[in-house]
Amino acid sequence: MLLALSKPRERRKSAPVTIVNSREPSQRTCETAESRCSRKTGYDTSPLVLQLTEELERTKLDDEQIPSPHNDALNIIQHRKQQRCLSKHKRRSNVTTEITPHKYTDDPLIAWEMIKNNRPVKAVRQMKLSAPVRHDAVRFVCMACIHQSFPEPQSVPPGDILIVAGDFTLYGRPDEVELFSKYLKQLPHTVKVVIAGNHEYTFDDRFMKANVFSKFGEKRLAMRQTLSNEFSLQEMKNAKAKLGNVIYLEDSLLEVFGIRIYGTPWLPEYDDMAFNLPRGQALLDKWNDIPAGVDVLITHTPPLGHGDMLPMGLHVGCVELLNSVVKRIRPKYHVFGHIHSGYGCTTDGYTKFVNCSLVDDQLQLVNNPIIFDISVDVNKKERWIYKYRRAVKHSI
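Following the UniProt record's numbering, the numbering of the sequence shown begins with 1 at its first residue and continues without gaps.
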């Protein structure tokens with residue numbers, strides 16, 4: 001019986017093994033990478049590999065010189081402070097972003113359909129009105145669209161700063177303003193910040209000009225004629241002064257407790273009322289005056305997509321205001337009113353939007369004020385409250 005004897009396989013000659021000292025991992029990695037790259041490509045890559053390895057080693061040495069914030073409680077605190085300062089600097093330095101009028105600025109519904117996928121809107125749960133006022137935070141109490149339907153003073157939650165985002169009267173009559181001022185005196189808040197809305201006719205300087213009606217229509221003519229039957233021109237011009245010891249903001253900035261607050265009353269043209277401007281560039285010019293990085297922005301009109309929906313489901317907010325807030329201004333909070341049915345809080349992931357309208361479309365008081373906190377240094381807060389109350393006392 002013949003057996004076929006197979007030829008023994010020839011053992012491949014192994015490549016010469018380079019012995020690398022285990023104490024030098026960078027050298028071992030370098031030689032392994034060099035041989036591997038050479039086998040695959042056929043090119044000598046050793047200079048490149050050596051250069052990359054040297055850079056890697058330098059990076060490792062630099063990292064070793066920086067203490068890890070995870071190992072030292074003090075470094076953790078410093079790291080967080082640096083991150084907060086960097087974030088604040090980014091918000092305030094982002095002034096080069098150019099905003100242009102939207103193609104469909106005159107049709108907010110179409111504009112919203114075009115941009116809504118890139119503009120997230122998420123509902124936010126409101127703080128309980130019974131939440132105690134913290135010593136290390138400034139409590140904001142927000143309301144808008146009161147229209148002389150004042151809530152009971154004891155029902156208004158306590159706080160440090162009261163914000164009224166417009167429409168506190170029906171027509172801006174001097175006697176309405178005086179009644180509102182008397183109501184505010186019953187509230188205990190340290191600082192009271194007010195902006196006008198489209199119902200405050202006498203607060204709009206254009207309303208008081210002789211030629212305003214040739215430009216802005218017959219309704220204002222009728223309104224001015226009605227007011228002039230009861231009040232002199234000088235009384236109407238002095239309506240703002242009847243607010244008393246409150247801070248009235250009209251395209252102006254206020255800084256309290258180290259918190260920057262900006263207020264502006266303008267809104268898209270609506271029924272030929274006060275502070276109306278055409279959508280597009282005219283309103284955008286007003287929004288461009290708002291400095292980047294303010295902490296709290298107060299407008300009367302809502303931005304598009306946040307608290308701006310009418311009962312029939314139509315969005316009526318300002319698209320240029322939304323783009324300015326999201327892309328350039330970047331406030332922590334945006335407080336507004338005007339659209340009574342839009343009451344509530346939303347967020348885009350960074351800014352919290354607060355529609356604090358107190359009445360419904362029948363001007364019935366149905367909603368509560370909305371509150372929020374911004375953290376501050378305890379000592380600075382106490383010193384500022386003392387100085388402010390002393391200044392107010394001497395001014396009376």
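Note that the Cβ used here is the ideal one computed from N, Cα and C, for glycine as well. The structure displayed is predicted, hence computed values, not measured ones.
Where residue i falls: helix, strand or coil (DSSP)
i	result
ALA282	helix
ASP175	helix
HIS340	helix
SER375	strand
LYS103	coil
LEU184	helix
ILE385	helix
THR347	strand
MET309	strand
ASN229	helix
VAL316	coil
TYR333	strand
PRO151	coil
LEU131	Rather than Leu, the amino acid found at residue 131 in this sequence is Ala. In the structure shown, ALA131 sits in coil (DSSP, three-state: anything other than H, G, I, E or B).
TYR248	strand
LEU365	strand
The alpha helix (DSSP H) enclosing residue i, as first and last residue numbers
i	result
ALA111	108-115
LEU253	From DSSP, LEU253 is part of no alpha helix (DSSP H) but of the beta strand (DSSP E) over 252-256.
ASN323	319-324
ASN236	Correcting the residue identity first, residue 236 is Met in this sequence and not Asn. Looking at the DSSP string, the run of the alpha helix (DSSP H) that includes MET236 is 233-237.
Within 8 Å, strictly: CB atoms of residue i and residue j
i	j	result
THR301	LEU321	yes
HIS189	MET273	no
VAL294	ILE339	no
GLY159	ARG134	no
ILE161	VAL194	no
LEU297	PRO265	no
LEU358	PRO108	no
LEU310	VAL319	no
ILE261	LEU267	no
LYS327	THR100	no
SER324	ILE290	yes
SER149	LEU363	yes
SER181	LEU227	no
TYR333	ASN367	no
ASN245	VAL392	yes
Residue burial classification, residue i (beta-carbon count within 10 angstroms, cutoff 16)
i	result
ASP377	exposed
PRO303	buried
LYS286	buried
ARG390	exposed
ARG206	exposed
ASN71	Because ASN71 sits at a pLDDT of 48, beneath the cut-off of 50, its placement in the model cannot be relied upon, and the following sentence gives the value as read from the coordinates. Exposed is the call here.
LEU314	exposed
ASN276	buried
PRO278	exposed
ASP361	exposed
SER68	Interpretation of SER68 is limited by its pLDDT of 45, a score under 50 that renders its predicted location unreliable; no figure is taken from the coordinates.
ASP271	exposed
Chain C contact for residue i (CB, 8 Å cutoff)
i	result
TYR171	Looking for chain C here will not work: only one protein chain is present.
Span separating the alpha-carbon of residue i from that of residue j
i	j	result
SER130	CYS142	15 Å
GLY337	GLU382	31 Å
ASP175	ASP136	39 Å
VAL95	ASN229	Its pLDDT being 46, under 50, VAL95 is placed unreliably by the model, and nothing is read from it.
residue 422	ALA239	Outside the displayed range of the chain (1 to 396) lies residue 422, so it cannot be described from this structure.
ALA241	TYR248	10 Å
LEU283	GLY263	14 Å
GLN186	THR105	42 Å
ASN355	LEU179	24 Å
GLN387	PRO153	Residue identity differs from the one stated: residue 387 is Lys in this sequence, not Gln. Distance between the alpha carbons of LYS387 and PRO153 is about 25 Å.
GLU250	ILE110	30 Å
GLN234	GLY166	22 Å
PHE257	GLY197	26 Å
HIS147	HIS306	22 Å
HIS102	TRP112	10 Å
ASN118	MET236	45 Å
MET223	GLY349	42 Å
ILE370	GLN126	7 Å
GLN281	ILE115	19 Å
ILE259	THR202	30 Å
PRO132	THR299	27 Å
ARG28	ILE374	Residue placement at ARG28 is flagged as unreliable, the pLDDT there being 45, under the threshold of 50; the coordinate-derived value follows with that caveat. Straight-line Cα distance between these residues: approximately 55 Å.
PHE231	PRO157	35 Å
ASN379	LEU184	27 Å
Boundaries (first-last residue) of the beta strand (DSSP E) holding residue i
i	result
ARG139	137-143
ARG260	259-264
ALA165	161-165
VAL191	191-195
ASN355	352-355
THR299	296-299
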